[in-house]
Amino acid sequence: MVPAIRINRVNTRPVEENGRFVLYWMTAYRRTRSNFALQRAVEWAQELGKPLFVFEPLRAGYPWASERFHSFVLDGMKDNARRFEASGATYYPYIEETRNAGTGFLEYLSGEACVVVADSFPGFFLPRMRAAAAKRLPVLMEEVDSNGLMPIRASDRTYATAFAFRRHMQQELPTHLQTTPASDPLSGVRLPRLAELPSDLGTRWPPVAPQALASRRWLERLPIDHSVPAVAGVRGGQVAAMETLRRFISGSLHSYGDGRNHPDREATSRLSPYLHFGHISAHDILRSVMEVEDWDPSRLSPVARGKRQGWWGVGAGAEAFLDQFTTWRELSFNAAFTMPGYDCYESLPPWARETLERHASDPRTHVYDVEELERARTHDPLWNSAQRQLVTEGRIHNYLRMLWGKKILEWTETPRESARVMIELNNRYALDGRDPNSYSGIFWCLGRYDRPWGPERPVFGKIRYMTSKNTARKLRVSRFLGRYGGQDEVVGKRGVPDA
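What follows is the structure in structure tokens.
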């Protein structure tokens, strides 16, 4: 059973027991594994004795829509189509071929549904979309939380620091780990099949054709940004997500604690895009890590002290990874759920806004516009390399992402402008952009979850300061610079400036 704390009624409409099917509106958890929302839809279908209809749409007009993100989702649809074909559920993948072509589609389906189950993702435009849809539907709509290990409603306030949230999580999480999603909600389930689709469905809103699912070239005719191409060699979907997880666990997990900060070592998990698009669940990641650690819940520390190491009772590499994966990721979802305007400059803590505004008019040594930054045309080879990685690979190495944001603060005319530029570049190019975790990283660069630091500096004020020279001194970056450095930057001769 899906825990009640993960289920929220979005409207007060009744369940229509004479409806033709149970409708699962898949928008954030684009997977068939370890998905509480899919599990809840299956529970409704079993209770009502109805077929299950899974509707996975993708809009054309969402902010920053591009070939990069569309192709990643399309890969996931291909995996889902294969899995649902063998399940007995009806799967309907739909991609808008013109903007707003899907308007009215959900309402049309709900007119024949018993109940609608939706994904409860707290970020981007999805909460507004769900709330607007719920008002128009003639039947009950539930949203189900399958975002993380802890239900987002297990925290009723915003946490100002990672330490405070970590201590809260260490108190709460053991209870919630006792109820995990079914690994395969469709396994062994007998549901009636939908005899036929609604009569004019295929002509008004045709599904993505099988040949389109098999080829990314179909995306070329869609009204999306074609200047941001798919990342070469990177595929989305459940299959690729699980392969990425297996590679990380077998290759880098045990060295994660020491190696994750060094760009030359590539010890990071690379799982964040799959988490963002819902192609892998937090529970599957935890399960796989704990299997290799031969872990059981009795090894959890009985004392919640908020410490980063030692609470899980696993090796140092796994402890470091789990702190990033649980504390920081779920803290970000806490902000998205409890903090109005979590993705806006105004959400920064008062001390950070005060010090930034006091230094907003300080002279900048270098000022770049968004186009110069986007094209990595700065004086700083290390920053340029990080920006090129973002543009070409849809990611920035974890540690360099912090430096990337700090330098944008230093090189733009105002703190507000720096936030706008970080959001624009990150959300346009990063595969994990637009995610609550991504916004937390951006606003950490401006003081969120941090404290005042001295000495007070020009531009930064009391915001934590970072330089490329110190970063290159502390970390191994020579291979990273060689890989992403431009033709105009001879790193061996010029070195990294004190910027």
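Offset between the sequence shown (1-based) and this note's numbering: plus 3. All residues carry an ideal CB built from backbone N, CA and C; glycine is no exception.
{"Asked": "Residues bridged to Ala116 (per DSSP)", "Found": "Phe24"}
{"Asked": "Close-in-space but distant-in-sequence residues of the same chain around Gly457 (CB under 6 Å, 5 per side omitted)", "Found": "none"}
{"Asked": "Boundaries (first-last residue) of the alpha helix (DSSP H) holding Val317", "Found": "Note, Val317: premise wrong, no alpha helix (DSSP H); not H, not E."}
{"Asked": "Phe446 versus Asp383, Val13 and Val424, residue with shortest Cα-Cα distance", "Found": "Val424"}
{"Asked": "Reduced DSSP category for Gln490 - H, G, I as helix; E, B as strand; rest coil", "Found": "Its pLDDT being 45, under 50, Gln490 is placed unreliably by the model, and the measurement read from it follows with that caveat. Here Gln490 sits in coil by DSSP."}
{"Asked": "Given 8 Å, three or more beta-carbon pairs between the stretch 110 to 118 and the stretch 141 to 158", "Found": "yes"}
{"Asked": "Sequence-distant residues of its chain with Cβ nearer than 7 Å to Ser441 (five each side left out)", "Found": "Asn429, Ala433 and Asp435"}
{"Asked": "Beta-carbon proximity check, Val57 vs Tyr95, cutoff 9 Å", "Found": "yes"}
{"Asked": "Buried or exposed (CB count within 10 angstroms, at least 16 for buried), Gln173", "Found": "buried"}
{"Asked": "Through-space distance from Phe463 to Leu216, alpha-carbon basis", "Found": "48 Å"}
{"Asked": "For Gly464: DSSP bridge partner residues", "Found": "Arg460"}
{"Asked": "Separation of Ser69 from Val231, as counted between CA atoms", "Found": "6 Å"}
{"Asked": "Among Leu176, Asp228, Pro130 and Trp47, nearest to Arg102 - alpha-carbon criterion", "Found": "Asp228"}
{"Asked": "Bounding residues of the alpha helix (DSSP H) (the contiguous stretch that carries Pro439)", "Found": "Pro439 to Trp447"}
{"Asked": "Extent of the continuous alpha helix (DSSP H) to which Thr341 belongs", "Found": "Arg332 to Thr341"}
{"Asked": "Exposure of Ser404, with buried meaning 16 or more beta-carbon neighbours within 10 Å", "Found": "One detail in the question is off: residue 404 reads as Arg in this sequence, not Ser. Arg404 is buried by the Cβ-count criterion."}
{"Asked": "Anticipated Cβ contact below 8 Å, Tyr32 with Asp122, distance rounded", "Found": "5 Å"}
{"Asked": "Buried or exposed by the 16-neighbour rule on C-beta atoms within 10 Å, applied to Val306", "Found": "exposed"}
{"Asked": "Endpoints, beta strand (DSSP E) assigned at Pro60", "Found": "Leu55 to Leu61"}
{"Asked": "Residue(s) in a DSSP beta bridge with Ser69", "Found": "Asp228"}
{"Asked": "Spatially closest choice to Arg263 from Asp297, Ile283, Phe328 and Arg451, by CA coordinates", "Found": "Phe328"}
{"Asked": "Where His369 falls, given that 16 or more other Cβ within 10 Å makes a residue buried", "Found": "exposed"}
{"Asked": "Between the CA atoms of Glu375 and Pro17 - distance to the nearest angstrom", "Found": "55 Å"}
{"Asked": "Cutoff 8 Å; reference Gly105; Cβ partners in own chain excluding five residues on either side", "Found": "Pro60, Arg62, Tyr97, Glu99 and Trp208"}
{"Asked": "Segment limits, beta strand (DSSP E) that includes Glu146", "Found": "Met144 to Val147"}
{"Asked": "Close-in-space but distant-in-sequence residues of the same chain around Ser388 (CB under 7 Å, 5 per side omitted)", "Found": "Phe483, Leu484, Tyr487 and Gly488"}
{"Asked": "Under 9 Å between C-beta atoms of Phe24 and Ala48", "Found": "yes"}
{"Asked": "Opposing strand residues paired with Asn11 [DSSP bridges]", "Found": "Glu146"}
{"Asked": "Reference Gly281; option with closest CA among Pro6, His257, Gln241 and Phe166", "Found": "Gln241"}
{"Asked": "Limits of the unbroken beta strand (DSSP E) element including Pro96", "Found": "Thr93 to Ile98"}
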